[in-house]
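In numbering that gives the first Met the number 0, the protein residues as written are 0 to 141.
The beta carbon of each residue, even a glycine, is placed where N, CA and C say it ideally should be.
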Amino acid sequence: MASMGLQVLGIALSVIGWLGTILCCGLPMWRVTAFIGNNIVVAQIIWEGLWLNCVVQSTGQMQCKVYDSMLALPQDLQAARALVVIAIVLAVLGILLAIAGGKCTNCVEDESSKAKIMIVSGIIFLIAGRLSKAEGKGQGLP
Numbered sequence: 000m001a002s003m004g005l006q007v008l009g010i011a012l013s014v015i016g017w018l019g020t021i022l023c024c025g026l027p028m029w030r031v032t033a034f035i036g037n038n039i040v041v042a043q044i045i046w047e048g049l050w051l052n053c054v055v056q057s058t059g060q061m062q063c064k065v066y067d068s069m070l071a072l073p074q075d076l077q078a079a080r081a082l083v084v085i086a087i088v089l090a091v092l093g094i095l096l097a098i099a100g101g102k103c104t105n106c107v108e109d110e111s112s113k114a115k116i117m118i119v120s121g122i123i124f125l126i127a128g129r130l131s132k133a134e135g136k137g138q139g140l141p
């Protein structure tokens, strides 16, 4: 019984991690650059994200623009975009396999097959986690 509870906890934590990866994918703060001129009036903060670019003025006004083309995106952000999308897709596959191989479902009858499915699901989660960690390497993230 404790094993089933641990499986449900693991699936819940993986869903939380998957949602966090989706959130990080959409946020525009992948690379932050600050420009401060001779006085505070001309201060700007530039946020470069995977999907859009934002400029925050010292007055608090923010203007965001979607990248015009894939070529307008720097190479490190292009690589990060590909890695994060692959990580999200792999995590979906891992979640589906974990649900199918869980002890509380009847998708697969054989217990040894369920165990193998859960192991494959765990390996997929490890790969997705490694991909989502690799996406921040070029930006000075841990």
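Between the stretch 71-83 and the stretch 104-111, do at least 3 Cβ pairs fall closer than 8 Å?
no
Thinking just about the alpha-carbon of each residue, which of C24, P27 and I44 is nearest to the one in A33?
Numbered from 1 along the sequence shown, position 34 holds the residue referred to as residue 33. Closest by alpha carbon: I44.
Let's see if you can read the secondary structure: which residues bound the beta strand (DSSP E) around I45?
On the sequence shown, residue 45 is found 46 positions in, with the first residue counted as 1. That run of the beta strand (DSSP E) goes Q43 to E47.
Tell me the rounded alpha-carbon separation between L140 and S120.
In the sequence shown, residue 140 corresponds to position 141, counting from 1. In the sequence shown, residue 120 corresponds to position 121, counting from 1. Because the pLDDT of L140 is 45, which lies under 50, any placement of that residue in the model is unreliable, and the number read from its coordinates should be weighed accordingly. Roughly 27 Å between the two C-alpha positions.
Closer than 6 Å: I45 CB and nearest the ligand MG heavy atom
Annotation note on the ligand MG: not contained in the displayed structure, which lists no ligands.
Closer than 8 Å is the cut-off here; do at least three beta carbon pairs connect the stretch 58-76 with the stretch 84-94?
no
Look up C63 in the DSSP assignment and say whether it is helix, strand or coil.
Along the sequence shown, one-based indexing puts residue 63 at 64. Reduced to three states, the DSSP call for C63 is strand.
Counterpart residues of N52 in DSSP-defined beta bridges
Stepping through the sequence shown from its first residue, residue 52 is reached at position 53. Looking at the DSSP assignment, N52 forms a beta bridge with E47 and K64.
Have a look at A42, Q56 and V31 and flag the residue whose alpha-carbon is nearest the alpha-carbon of G48.
One-based indexing of the sequence shown puts residue 48 at position 49. For G48, the nearest C-alpha among the options comes from V31.
Under 8 Å by Cβ, that's how I've got V65 and W46 pegged, so tell me the actual separation to the nearest angstrom.
Taking the sequence shown and counting its residues from 1, the one referred to as residue 65 is at position 66. Taking the sequence shown and counting its residues from 1, the one referred to as residue 46 is at position 47. Not a contact, Cβ separation roughly 13 Å.
Are the beta-carbon atoms of W17 and A90 separated by less than 7 Å?
By one-based count along the sequence shown, residue 17 stands at place 18. By one-based count along the sequence shown, residue 90 stands at place 91. Yes, the Cβ-Cβ distance between W17 and A90 is below 7 Å.
What residue range is occupied by the uninterrupted beta strand (DSSP E) comprising A33?
Here residue 33 corresponds to residue number 34 of the sequence shown, with the count starting at 1. Residues R30 to F34.
Contact set for Q62: own chain, Cβ-Cβ below 6 Å, skip 5 residues either direction:
For this step, residue 62 is matched to residue 63 along the sequence shown. Result list for Q62: V54, in chain order.
Judging by CA-CA distance, which residue of K115, T20, G100 and G9 is the nearest neighbour of L130?
Sequence index remark: in the sequence shown, residue 130 carries index 131 (1-based). Comparing Cα positions, the closest option is T20.
G93: first and last residue of the uninterrupted alpha helix (DSSP H) it sits in
The residue given as residue 93 occupies position 94 in the sequence shown. Unbroken alpha helix (DSSP H) run through G93: Q74 to A99.
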